[in-house]
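Taking this note's numbering as reference, the numbering of the sequence shown is continuous, increasing by one, and the terminal residue is 185.
Every residue, glycine too, gets a C-beta built ideally from N, C-alpha and C.
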Amino acid sequence: MFHEAAGLPKGDLEHMIKIILLVLLSELWTSAGHFLFKKSTNAVEFHSLRTLDSKIQFLRNIISKPTIWAGILSITIGLVIWIIALADGDLSVVYPLNSMSYIIILFSAHFFLGEKIDKMKVLGTFLVILGIIFITMS
């Protein structure tokens, strides 16, 4: 089985899978929140934020958007799940798994916001995935 090939006792593998799933769930909620923040700021007319009045007006416009509040709720849910993952796993393993957000954001920005994915972004994302694999196998 995989756990034997990876040199992990079965219980350790199950625990690692649980941690990975918790972090993935946390990152999905957190990334959704960032996506909602971006959608909110795209919907607000952007002017220079050099004056105090323009900053106040920008904040008023932003906090009046339901998507901002949905984003805050989404990030809060992600944070609660993140804390559960931290409580159950080693920080040296859980924190690097946070890099999954790069992958989630790259593809959600492409599919939902129409942002371009170039070769360097693909290479960088591949290296992140490779790093996650190395960390989870250590």
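When the five nearest sequence neighbours on each side are left out, the beta carbons in the same chain lying within less than 7 Å of the beta carbon of S148 are those of E74, T77, S78, in order along the chain. Where K102 is concerned, the enclosing alpha helix (DSSP H) starts and stops at 99–110. A Cβ-Cβ distance of about 6 Å is found for the pair I131 and L69, placing them in contact under the 8 Å criterion. In this structure, the alpha-carbon of Q104 lies about 14 Å from that of S87.
E61 sits in a helix when the DSSP states are folded into three classes. Setting aside the 5 residues that flank it on each side, G125 is surrounded in the same chain by S73, W76, T77, each with a C-beta closer than 6 Å to its C-beta; the list follows chain order.
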